[in-house]
Amino acid sequence: MNARSGDVWAFAEQEDGVLADISLELLGKGRKLADTLGVKLCAVLMGSGVEGLAQPLFEAGADVVHVVDDPALKTYRGLAYRIALVKAIEKESPQIVLFGATHMGRDLAPAVASALRCGLTADCTDLRIGDYEDKKTKEVFRNVLHQIRPAFGGNIIATIVNARNWPQMATVREGVMKALEKSPGRKGEIVRHEAGLDGVDIPVEVVEILRRHSSVNLKGARVIVCGGAGVGSKENFALLHELAAALGGAVGGSRAAVDLGYCEHERQIGQTGVTVRPALMISCGVSGAVQHLAGMQDSQKIIAINTDKDAPIFKVAHYGIVGDLNVVIPKLVKAIRKGS
Amino acid sequence: MAYTCVVCVKQVPDTAKVTGKAMKEDGTINRAALPAIFNPEDMNALEAALSVKERFGGKVIAVTMGLPAAAAVLREALFRGADEAYLVTDRRAAGSDTLATSYILSKAVAKFSPDFVFCGRQAIDGDTAQTGPQIAEKLGFPAVTYLEKLDVEGGKVVATRDIGTGVETDRVALPALFTVTEKFGELRPADVRLVMKYKNFEPKALSCDDIGCEEGRCGFAGSPTSVNKIESVVLAGKGFKEIPADDEGIAALVKELRDERTIG
Chain A
8 MNARSGDVWA
18 FAEQEDGVLA
28 DISLELLGKG
38 RKLADTLGVK
48 LCAVLMGSGV
58 EGLAQPLFEA
68 GADVVHVVDD
78 PALKTYRGLA
88 YRIALVKAIE
98 KESPQIVLFG
108 ATHMGRDLAP
118 AVASALRCGL
128 TADCTDLRIG
138 DYEDKKTKEV
148 FRNVLHQIRP
158 AFGGNIIATI
168 VNARNWPQMA
178 TVREGVMKAL
188 EKSPGRKGEI
198 VRHEAGLDGV
208 DIPVEVVEIL
218 RRHSSVNLKG
228 ARVIVCGGAG
238 VGSKENFALL
248 HELAAALGGA
258 VGGSRAAVDL
268 GYCEHERQIG
278 QTGVTVRPAL
288 MISCGVSGAV
298 QHLAGMQDSQ
308 KIIAINTDKD
318 APIFKVAHYG
328 IVGDLNVVIP
338 KLVKAIRKGS
Chain B
8 MAYTCVVCVK
18 QVPDTAKVTG
28 KAMKEDGTIN
38 RAALPAIFNP
48 EDMNALEAAL
58 SVKERFGGKV
68 IAVTMGLPAA
78 AAVLREALFR
88 GADEAYLVTD
98 RRAAGSDTLA
108 TSYILSKAVA
118 KFSPDFVFCG
128 RQAIDGDTAQ
138 TGPQIAEKLG
148 FPAVTYLEKL
158 DVEGGKVVAT
168 RDIGTGVETD
178 RVALPALFTV
188 TEKFGELRPA
198 DVRLVMKYKN
208 FEPKALSCDD
218 IGCEEGRCGF
228 AGSPTSVNKI
238 ESVVLAGKGF
248 KEIPADDEGI
258 AALVKELRDE
268 RTIG
């Protein structure tokens, strides 16, 4: 009993006509959920003059793209997007709506959930379809969305369900779900919606947007050299840059390293920074707080360098070097340069 | 122009201090074993409210929802210059998720007909960042999230907010709700005279009935989400290969990584 119907939706985030990576990541996970449930996977695309983005969404796994195209949606404004999205959701009745846990998604999703009076789970790191038994009433709900997220500063992993309220909504952390391999030429259906914003006063005007053009690309790096408090100083981060340069990789930092001013905030890896899973992670002087591990433990190979043999970082490491990074890193650089 | 500013604050367990002792055997958190603190970003929200009062006149009203012990954060707010403080406390509010919490708080906030509502971006126990935007939706106010800076020009707020991919400046008509990040600036220190004045202050307690909450929208009954399972994060340690920190050991490691094509 209590099985659900309706499609799986993913909010396709775009800015200035460029799709965010998370939009494709949501479709990757959404595809599995929709296939398990035997329903369609839909993207919902909002903006002004954005219909051309439907094709890449089909190629990333969407069967249907719901397009809400209106000049009032040109620049993201929470209130306008909320009104238009709630209208589309009420019309189409999806059973699941996913958003990226980006600034935009974390602005929009709560307002949508509040308007629909449905549940919302923030910052999920995994989503699964499964049954759920209400322990008090013994009611069993089939095929509900299990929303898995770290809580309490990363010290616990909670599985949240919202079995009684429609739709089930979640925001999903960036960089955690995998986008599908692109299927060039894959076709789908476009469904157009009215924004419903004519005559609606939106008391917010976006005056100016200054984009940050970051030179740091941790998410795309094959190799990351990550430093923690153990690096000891901002100057000493040069060692990490040298190692990263020898490997063609990028430099990241733990929250401790960022808080100490050793490296920039945009390099932060972990629960409050970026989630990465490079082919190789070389962790230097990072003790390994759970919040940090949550953002890097799925790296394919992890080398940990730390003077403290009991540091938690070694629990996720494939290779451990107990020693002083000031000695070990130059040796690594030398060995890498020698063979190349 | 004098503004009424309401700031929503929360007392939270200090999740940075979670140790083995703070975890119960069933994997849940033993909240009693953790120090209760003023949620860090709510301090930035309080600072935002106090700075509006200081520059443009008006008053600051602090509101919290929680157990009677949460009065501690209200006293802290009064020590910094808040004018009034209210505690929403009710057994019927127990078990509220963000939807029910935002409903109850929106009812409390609405009583004061505010121009500005300030919340911290998120609380460190849940990290959801949902309650602020949901209070705004229920009040019919625009929500300006991730606020870093604000000014008032010609009766409108000029707000600078972090949008992740950059920084945005908005012009917003009041009333409006703002969720404030640590970039806004640190909370001013307590004023000694105010500490003397309010050290024994007990806030007015408001029940769900006092603020006109509908039955069924508070607490467990008003919360669509439920926790199905909690697991504590246990690092089993999959066992790693120890590499000697000498030239030979490291050269062998580099060779191994090359042979398996992890590095070029």
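As you go down the protein sequences, you meet chains A and B in turn.
Convert by adding 7 to the 1-based position in the first sequence; the result is the number in this note's numbering.
Convert by adding 7 to the 1-based position in the second sequence; the result is the number in this note's numbering.
Quick reminder that beta carbons are idealized off the backbone N, C-alpha and C, glycines included.
Residue ranges of each beta strand (DSSP E) run of no fewer than 3 residues wholly in the region 154–230 of chain A, ordered along the chain?
DSSP assignment within the region 154–230 of chain A yields the following whole beta strand (DSSP E) runs of 3 residues or more, N-terminal first: 163–168, 175–179, 196–200, 211–218.
What did DSSP end up calling Ile-272/B once you bin it into helix, strand or coil?
Missing from the structure shown is residue 272/B; chain B here goes from 8 to 271 and no further.
By how many angstroms is the C-alpha of Gly-68/A removed from the C-alpha of Ile-343/A?
The count along the first sequence starts at 1 and reaches residue 343/A at position 336. The count along the first sequence starts at 1 and reaches residue 68/A at position 61. One C-alpha to the other measures close to 40 Å.
Through-space distance from Ala-296/A to Ala-324/A, alpha-carbon basis:
Position 317 of the first sequence, counted from the start, is the residue given in the question as residue 324/A. Position 289 of the first sequence, counted from the start, is the residue given in the question as residue 296/A. Their Cα atoms are separated by approximately 14 Å.
Helix or strand or just coil, what does DSSP make of Ala-301/A?
Locating residue 301/A in the first sequence gives position 294, counting from the first residue. In the three-state reduction of the DSSP assignment, Ala-301/A falls in the coil class, being assigned neither a helical nor a strand state.
The alpha helix (DSSP H) with Asp-122/B in it runs from where to where?
Reading the second sequence from its first residue, position 115 is the one you call residue 122/B. Secondary structure note for Asp-122/B: it is in no alpha helix (DSSP H), with a DSSP letter that is neither H nor E.
Count the C-beta pairs between the region 43–61 of chain B and the region 88–97 of chain B that are closer than 8 Å, then say yes if the count reaches three, no if not.
Yes, the region 43–61 of chain B is in contact with the region 88–97 of chain B.
Starting from the C-beta of Thr-282/A, find all residues in its chain whose C-beta is less than 7 Å away, skip the five residues before and the five after it, and write them out in chain order.
As a first step, residue 282/A must be located in the first sequence, where it is residue number 275. Arg-180, Glu-181, Gly-182, Val-183, Gly-302, listed in sequence order.
In the DSSP output, what is Asn-313/A paired with across the bridge?
Your numbering for residue 313/A matches position 306 in the first sequence. Beta-bridge annotation (DSSP): Asn-313/A is paired with Val-329/A.
Which class does Phe-321/A belong to by DSSP, given the choice of helix, strand or coil?
Residue mapping note: residue 321/A aligns to position 314 of the first sequence, counting from 1. Note: Phe-321/A maps to helix in three-state DSSP.
Give me, in chain order, the residues of the same chain whose beta-carbon lies closer than 8 Å to that of Ile-336/A; leave out the 5 immediate sequence neighbours on both sides.
Start at 1 with the first residue of the first sequence, and residue 336/A comes out as number 329. These residues qualify, in order along the chain: Leu-246, Leu-247, Glu-249, Leu-250, Cys-291, Ile-312.
Look at the alpha carbon of Ala-84/B and the alpha carbon of Asp-49/B, and state the distance between them as a whole number of angstroms.
Here the question's residue 84/B lines up with position 77 in the second sequence. Here the question's residue 49/B lines up with position 42 in the second sequence. Going by the C-alpha atoms only, they are around 10 Å apart.
Buried or exposed by the 16-neighbour rule on C-beta atoms within 10 Å, applied to Lys-262/B:
In the second sequence, counting from the first residue as 1, residue 262/B sits at position 255. So Lys-262/B ends up on the exposed side.
Inter-residue Cα distance where the pair is Ser-261/A and Gly-277/A:
If you number the first sequence from 1, residue 261/A lands on position 254. If you number the first sequence from 1, residue 277/A lands on position 270. Ser-261/A and Gly-277/A have their alpha carbons spaced roughly 7 Å apart.
Taking the alpha-carbon of Val-74/A as reference, which of Ala-91/A, Val-168/A, Tyr-83/A, Glu-66/A has the nearest alpha-carbon?
As a first step, residue 74/A is located in the first sequence; it is residue number 67 there, counting from the start. When each option's Cα is compared against that of Val-74/A, the closest is Ala-91/A.
Which stretch, first to last residue, makes up the alpha helix (DSSP H) that contains Thr-152/B?
Position 145 of the second sequence, counting from 1, holds the residue named residue 152/B. First-last for Thr-152/B: 150–160, but that is the beta strand (DSSP E), not the alpha helix (DSSP H).
Please name the residue, chosen from Glu-209/B, Ala-52/B, Leu-74/B, Gly-171/B, that lies closest to Arg-218/A on a Cα-to-Cα basis.
Residue numbering aside, residue 218/A sits at position 211 when the first sequence is read from its first letter. Considering only alpha carbons, the answer is Gly-171/B.
By Cβ distance below 7 Å, which residues in the same chain neighbour Lys-163/B in space, the five residues on each side in sequence not counted?
Mapped onto the second sequence, residue 163/B falls at position 156. These residues qualify, in order along the chain: Arg-178, Val-179, Ala-180.
Closest Cα partner of Cys-49/A within the set Pro-78/A, Asp-77/A, Ile-96/A, Asp-76/A:
As a position in the first sequence, residue 49/A is number 42, starting the count at 1. It is Ile-96/A.
Cβ distance (whole Å) where Ala-130/B is taken to contact Lys-17/B below 8 Å:
The count along the second sequence starts at 1 and reaches residue 130/B at position 123. The count along the second sequence starts at 1 and reaches residue 17/B at position 10. For a cut-off of 8 Å, the C-beta gap from Ala-130/B to Lys-17/B is around 5 Å, short enough to register as a contact.
Helix or strand or just coil, what does DSSP make of Val-25/B?
Your numbering for residue 25/B matches position 18 in the second sequence. Looking at Val-25/B - three-state DSSP - the assignment turns out to be coil, as it is neither helix nor strand.
Pro-47/B - DSSP class collapsed to helix/strand/coil:
Reading the second sequence from its first residue, position 40 is the one you call residue 47/B. It is helical.
So the beta strand (DSSP E) Cys-138/A belongs to, where does it begin and stop?
What you label residue 138/A is simply residue 131 of the first sequence in a count that begins at 1. Note on residue identity: the sequence assigns Asp, not Cys, to residue 138/A. According to the DSSP assignment, Asp-138/A belongs to the beta strand (DSSP E) that extends over 133–140.
Cβ closer than 7 Å: which chain B residues qualify as neighbours of Phe-18/A?
In the first sequence, counting from the first residue as 1, residue 18/A sits at position 11. The contacting residues do not exist; Phe-18/A stays about 15 Å from chain B at best.
Proximity below 8 Å, CB of Gln-102/A to CB of Gly-13/A
Stepping through the first sequence from its first residue, residue 102/A is reached at position 95. Stepping through the first sequence from its first residue, residue 13/A is reached at position 6. The answer is yes: Cβ separation under 8 Å.
In whole angstroms, what is the alpha-carbon distance linking Val-70/B and Phe-191/B?
Taking the second sequence and counting its residues from 1, the one referred to as residue 70/B is at position 63. Taking the second sequence and counting its residues from 1, the one referred to as residue 191/B is at position 184. The straight-line gap separating the alpha-carbon atoms of Val-70/B and Phe-191/B is approximately 20 Å.
Would you call Glu-175/B buried or exposed, if buried means 16 or more other Cβ atoms sit within 10 Å of its Cβ?
The residue you call residue 175/B lines up with position 168 of the second sequence. Buried is the label assigned to Glu-175/B, since at least 16 other Cβ atoms lie within 10 Å of its Cβ.
For Pro-251/B, collect the residues of the same chain with a Cβ closer than 6 Å to its Cβ; drop the 5 residues on either side in sequence, then sort them by chain order.
Sequence index remark: in the second sequence, residue 251/B carries index 244 (1-based). There are no such residues.
Excluding five sequence neighbours on each side, which residues of the same chain lie with their C-beta closer than 6 Å to the C-beta of Val-151/A?
Working through the first sequence from its first residue, we reach residue 151/A at position 144. Closer than 6 Å at Cβ, skipping near neighbours: Tyr-139, Val-168, Ala-170.
Going along chain A in order, which residues have a C-beta closer than 9 Å to the C-beta of Tyr-153/B?
If you number the second sequence from 1, residue 153/B lands on position 146. Annotation: Cβ neighbours of Tyr-153/B in chain A (cutoff 9 Å, chain order): His-110, Arg-113, Asp-114.
Between the C-alpha atoms of Lys-24/B and Val-240/B, what's the straight-line distance to the nearest angstrom?
Numbered from 1 along the second sequence, position 17 holds the residue referred to as residue 24/B. Numbered from 1 along the second sequence, position 233 holds the residue referred to as residue 240/B. Taking the straight line from one Cα to the other gives about 15 Å.
Can you have a look at Asp-253/B and say buried or exposed, based on whether 16 or more other CB atoms are within 10 angstroms of its CB?
Your numbering for residue 253/B matches position 246 in the second sequence. By the neighbour-count rule (16 or more Cβ atoms within 10 Å), Asp-253/B is not buried but exposed.
Is the CB of Asp-216/B under 8 Å away from at least one CB in chain A?
The count along the second sequence starts at 1 and reaches residue 216/B at position 209. Closer than 8 Å to the CB of Asp-216/B there is not a single CB belonging to chain A.
Rank Ala-61/A, Arg-11/A, Gly-54/A by C-alpha distance to the C-alpha of Leu-34/A and give the top, closest one.
Here residue 34/A corresponds to residue number 27 of the first sequence, with the count starting at 1. Relative to the Cα of Leu-34/A, the nearest Cα in the group Ala-61/A, Arg-11/A, Gly-54/A belongs to Ala-61/A.
Answer yes or no: does any C-beta atom of chain A fall closer than 8 Å to that of Asn-46/B?
Within the second sequence, the letter at position 39 stands for residue 46/B. Not an interface residue.
Between Glu-349/A and chain B, is the shortest Cβ-Cβ distance under 8 Å, so that the two count as touching?
Outside the shown range of chain A, which is 8 to 347, sits residue 349/A, and nothing can be said about it.
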